[in-house]
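Shown next, in structure tokens, is the structure this report addresses.
There are 2 protein chains.
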Amino acid sequence: MEQKVVKLSTIRQACSECNLFQLCLPVSLENDDVEMLDQIVQRRRPLARGEHLYRAHDEFNAIYAVRAGAIKTTMLSPEGEEQITGFHLPGEILGLDAISGSRHPCNAIALETTSVCEIPFDNLESLAAQIPGLQHTLLRIMSKEIFEDQEMLYAVAKRTAEERLAIALLSFSERFGRRGLSSRNFRLPMSRTDLANYLGLAPETMSRLFKRFQEQGLLHAEGKEVVLKDMDGLHELARARPVTEKDHRGGRHSKA
Amino acid sequence: MEQKVVKLSTIRQACSECNLFQLCLPVSLENDDVEMLDQIVQRRRPLARGEHLYRAHDEFNAIYAVRAGAIKTTMLSPEGEEQITGFHLPGEILGLDAISGSRHPCNAIALETTSVCEIPFDNLESLAAQIPGLQHTLLRIMSKEIFEDQEMLYAVAKRTAEERLAIALLSFSERFGRRGLSSRNFRLPMSRTDLANYLGLAPETMSRLFKRFQEQGLLHAEGKEVVLKDMDGLHELARARPVTEKDHRGGRHSKA
DNA sequence: CGTAATTTTGACGCGCGTCAAAGCTTGTGG
DNA sequence: CCACAAGCTTTGACGCGCGTCAAAATTACG
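Those protein sequence lines, which keep their order, are chains A and B.
Heads up, the first sequence is in my numbering, so the first residue is 7 and it goes up one at a time.
Heads up, the second sequence is in my numbering, so the first residue is 7 and it goes up one at a time.
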């Protein structure tokens, strides 16, 4: 028992906030398993702001867990237009979208000084075959990613700019909260422009939104520092529907 | 060797076009493995159009592979507004977004008479621990789903209505083609309204788009029957950016 | 066949993208 | 520590794509 605790701290050292282990450990890890995990995790020198962790079309070898800082993943259209597909905060994992293609489909760029740990995928995969809890955890993490991407799709497809921002803010709030940080008072790691890009909006729109939210007393923002002042109001917005309250058109799908 | 072929056909019978096996088999399956796989796959009676395969919040027990027909997955906003998060054609798998939450986050509804096979997840998971190829396949499939969801997000966040339709049509084209059906001449399993919903558009817009595409000679449509007449034109549209740019390149982004 | 659901068409308006230009930061070098 | 450049953010003006409303036409299904 006590030995296990020691091992736990070893891991924490290697990959302090890593979701993978956090999710995995509660399940069922023997001491040996922990040791094996510990061995395959690589440390890396921190990335400077703007530095690439990997680029699109790079060969896929490992997934990464953010320890500190933040990373954006982007796709580039043929014309060179950037689309941000995700922000990755401490404790979150990236690179999972590359497994099937064996090359990274997107770029991963540090938004600020960022340290990650690298988890070579081949090793992880063979470990997962040996450790049932680990396999399950891997699948869970990927499933969650799928779910969240779909939620995001939902958000962008059907919501107004206002609603998208509310959703995004609440998402960050929750993610910071989960990490033990304040969920009402945090520093957004990305620029307004990046946030706008992610949400499918123009930077100008984002700027006007922040202004409006501030006027409405929903939040207070100074640069990247944000204080959410009216969580209920934000939740309201995040759930709201585009315009009329009444159902437009009687299409219902309950036939069975 | 010959024995293996026999076993293969056994599987085909149980789950004719199932991606899972299609992707898995090329890897490395022993006869015993095949037999085990065969055993866990469940057949089900076909679903009638409009019938639910599962509902949001249902307990998650299994993933499903579509054998024939088509299924849409939807999320419901608190107000009862439907958002379609995906269409699932024969050979495609659904339910992967439920693993992490242990409940289905969305509804799965048959668009027409549809038969699926059910793959109990617990069994699959323990099999995957025994069969390395299977574990890898599972991870690949999920990774691909993540990638495609992100592509879709990209599409919806940044493209005009026109571009979204072109993208969607080409996606269906490719998926039908992959199944050995015509990639230029097919029957869309969903209503225009559903397609519009999926792409984040109003049904009226969808209707006007089809009309315009037809006028421009891009396609011919009669009800759900569609003939793509100008693949190049569609690809052009799908790649186009709102602003002025006619950069021109044969290179496609590698999918899968 | 009749009724309901879906698709189509036209008119209209608003949200948000685009353009342009003026503040602000942030980072760098002297 | 200041000055300058590059990049962000903000603000205002303006227009258009696409959502909304309304209603007719068509199709699907019991």
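A virtual CB, placed ideally from N, CA and C, is assigned to each residue, including glycine.
Is there a Cβ from chain A that is less than 9 Å from the Cβ of residue i?
i	result
B/I99	no
B/E65	no
B/G239	no
B/S179	no
B/G92	yes
Using a Cβ-Cβ cutoff of less than 6 Å, which residues in the same chain neighbour residue i once the five nearest sequence positions on both sides are dropped?
i	result
A/P195	A76, L117, E118
A/A68	E124, I125, P126, F127
B/G183	S189
A/D64	H110
A/Y60	H110, A114
A/H94	V72, I77, L100
A/S108	F66
B/E242	none
A/V249	Because A/V249 carries a pLDDT of 40, less than 50, the predicted location of this residue cannot be relied on, and the following value inherits that uncertainty. Cβ within range, chain order: n/a, list empty.
A/E57	A116
Using a Cβ cut-off of 9 Å (strictly closer), state whether residue i contacts chain B.
i	result
A/L243	no
A/F153	yes
A/L102	yes
Which chain B residues are close to residue i, counting only those with a beta carbon under 7 Å from its beta carbon?
i	result
A/K164	Q89, G206
A/I105	L145, R146, S149
Could you work out which residues of chain A lie near residue i, taking near to mean beta carbons separated by less than 7 Å?
i	result
B/M158	L159
B/P52	Residues of chain A passing the Cβ test: none, with the nearest at roughly 12 Å.
B/A135	A135, P138, Q141
B/P111	F153
Which chain A residues sit within Cβ distance under 9 Å of residue i?
i	result
B/M81	Q156, E157, Y160
Anything in chain B within Cβ reach of residue i, meaning under 9 Å, just list it in chain order.
i	result
A/E131	P138, Q141, H142, L145
For residue i, which residues of its own chain have a beta-carbon under 7 Å away from its beta-carbon, when the five flanking residues on both sides are left out?
i	result
A/L240	A172, L175, L176, L224, L234
A/A54	A116, T119
B/A227	F216, Q220
A/E151	L102
B/A244	E169, A172, I173, L176
Please list, in chain order, all residues of the same chain as residue i whose beta carbon is under 8 Å from its beta carbon, the five residues on each side excluded.
i	result
A/P32	Reliability fails at A/P32, whose pLDDT of 49 lies under 50, so the model's placement of it is uncertain and the value that follows must be treated cautiously. Nothing listed; no residue qualifies.
A/R185	E23, L95, P96, G97
Quick check: the stretch 153 to 162 of chain A against the stretch 154 to 168 of chain B, are at least 3 beta-carbon pairs closer than 8 Å? yes
So does the stretch 89 to 102 of chain A actually touch the stretch 142 to 151 of chain A, counting three or more Cβ pairs closer than 8 Å? yes
To test your reading of the DSSP string, which unbroken beta strand (DSSP E) runs of 3 or more residues are found completely within the stretch 120 to 172 of chain A? 121 to 126, all fully within the stretch 120 to 172 of chain A.
Does the structure place the stretch 205 to 220 of chain B close enough to the stretch 127 to 143 of chain B that three or more beta carbon pairs sit under 8 Å? no
Which full runs of the beta strand (DSSP E) of 3+ residues lie inside the stretch 54 to 97 of chain B, going along the chain? Qualifying beta strand (DSSP E) stretches, in chain order: 58 to 60, 68 to 74, 77 to 82, 88 to 94.
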